[in-house]
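Chemist:
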Amino acid sequence: MKNLTFLFAILSFSLFSAQCVIKGTDQVQVGEKQLYTVYSNQEPCTNCLQWKHDDQKLIFETETNIPQVTIKGSVPGTAVLSVEGKSATGLLKCEKTIQIIAPLESILAPEKVECDIKVEELREFKTAQNKVTFESAPVGKNDTYTWTVTYRSGEKKISTDKTPQFDFSNENVISEVELKVNTPKCTRKLSKSYNDYFWYFF
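So the sequence shown is numbered by our numbering: it starts at 71 and just counts up by one.
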């Protein structure tokens with residue numbers, strides 16, 4: 071007897087509750103408009119539907135008592151769109167989860183700036199006993215220079231002269247010179263390495 075009662079309850083629920091589904095995109099950008107339609111195995115009565123959403127992440131752009139509505143994304147997050155109504159066999163009730171996303175911003179590639187530094191070569195020449203002067207070729211008039219020499223011992227010396235002079239000796243030879251040139255538009259680095267024997271015959 072109990073089984074018959076349970077079966078009768080299931081059949082009654084099936085008769086008086088019509089199935090429905092909301093069709094439309096799962097994702098909407100903020101400010102974007104999208105169309106959503108409710109479909110059911112039973113035709114709902116005219117103008118007796120009621121569309122709802124749980125907060126202000128969505129905005130209705132049309133009447134909310136019709137089978138097809140237009141919504142607009144308002145605030146990023148997760149929103150639940152639902153609809154209720156009556157049909158010939160019972161109640162309609164269904165819902166759909168929609169992700170509201172921030173608008174995709176177009177990223178403009180930065181304008182390519184042509185570097186105006188013309189330095190192509192580093193040169194060295196002896197100016198006195200155990201003295202070496204460096205220069206770039208060519209020398210830019212408005213460029214700023216930073217020269218860094220590294221000695222075999224690990225010691226570093228820096229100069230901001232355009233043609234700097236550095237000490238060296240057979241006991242403390244220069245292993246590398248680096249030049250950093252700056253202009254308002256760009257920066258360029260050049261370097262030159264030396265073996266130990268270079269300075270013995272310099």
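C-beta atoms are modelled at their ideal positions from N, C-alpha and C, and glycine is treated no differently.
On the three-pair Cβ rule with 8 Å, is the segment 252-261 touching the segment 227-234?
Modeler: no
Chemist: Rounded to whole angstroms, what's the CA-CA distance from residue 213 to residue 248? Just pull it up for me.
Modeler: Taking the first residue of the sequence shown as 1, we reach residue 213 at position 143. Taking the first residue of the sequence shown as 1, we reach residue 248 at position 178. Distance between the alpha carbons of residue 213 and residue 248: 15 Å.
Chemist: Can you tell me whether residue 272 is helix, strand or coil according to DSSP?
Modeler: As a working mapping, residue 272 is identified with position 202 in the sequence shown. Three-state DSSP puts residue 272 in coil, outside helix and strand.
Chemist: Which word fits residue 127, buried or exposed, when buried means at least 16 other C-beta atoms lie within 10 angstroms of its C-beta?
Modeler: Within the sequence shown, residue 127 is the residue found at index 57, counting from 1. It is buried - the Cβ of residue 127 has at least 16 other Cβ atoms within 10 Å.
Chemist: Are residue 108 and residue 129 touching if we call contact CB-CB under 8 Å?
Modeler: Taking the first residue of the sequence shown as 1, we reach residue 108 at position 38. Taking the first residue of the sequence shown as 1, we reach residue 129 at position 59. No.
Chemist: Taking a contact to mean a Cβ-Cβ separation below 8 Å, would you say residue 202 touches residue 236 in this structure?
Modeler: In the sequence shown, the residue the question calls residue 202 occupies position 132. In the sequence shown, the residue the question calls residue 236 occupies position 166. Closer than 8 Å, so yes.
Chemist: Beta-carbon within less than 7 Å of residue 177's beta-carbon, same chain only, minus the 5 sequence neighbours each way: which residues are those?
Modeler: Start at 1 with the first residue of the sequence shown, and residue 177 comes out as number 107. Because the pLDDT at residue 177 is just 41, under 50, the model does not fix this residue reliably, and the value given afterwards should be weighed accordingly. Cβ neighbours of residue 177 beyond the five flanking positions: none.
Chemist: Rounded to the nearest angstrom, how far is the Cβ of residue 166 from that of residue 94, given a contact under 8 Å?
Modeler: In the sequence shown, counting from the first residue as 1, residue 166 sits at position 96. In the sequence shown, counting from the first residue as 1, residue 94 sits at position 24. So it is a contact: roughly 7 Å between Cβ atoms.
Chemist: Could you give the distance in angstroms between the alpha-carbon of residue 238 and the alpha-carbon of residue 186?
Modeler: In the sequence shown, counting from the first residue as 1, residue 238 sits at position 168. In the sequence shown, counting from the first residue as 1, residue 186 sits at position 116. Distance between the alpha carbons of residue 238 and residue 186 is about 33 Å.
Chemist: For residue 266, does the three-state DSSP call read helix, strand or coil?
Modeler: Locating residue 266 in the sequence shown gives position 196, counting from the first residue. DSSP places residue 266 in helix when its eight states are reduced to three.
Chemist: In angstroms, rounded to a whole number, what distance separates the CA positions of residue 125 and residue 158?
Modeler: Position 55 of the sequence shown, counted from the first residue, corresponds to residue 125. Position 88 of the sequence shown, counted from the first residue, corresponds to residue 158. About 31 Å.
Chemist: Where in the segment 149-233 do unbroken runs of the beta strand (DSSP E), each at least 3 residues long, occur, reported from the N-terminal end onward?
Modeler: 160-171, 191-198, 201-207, 214-221, 226-229
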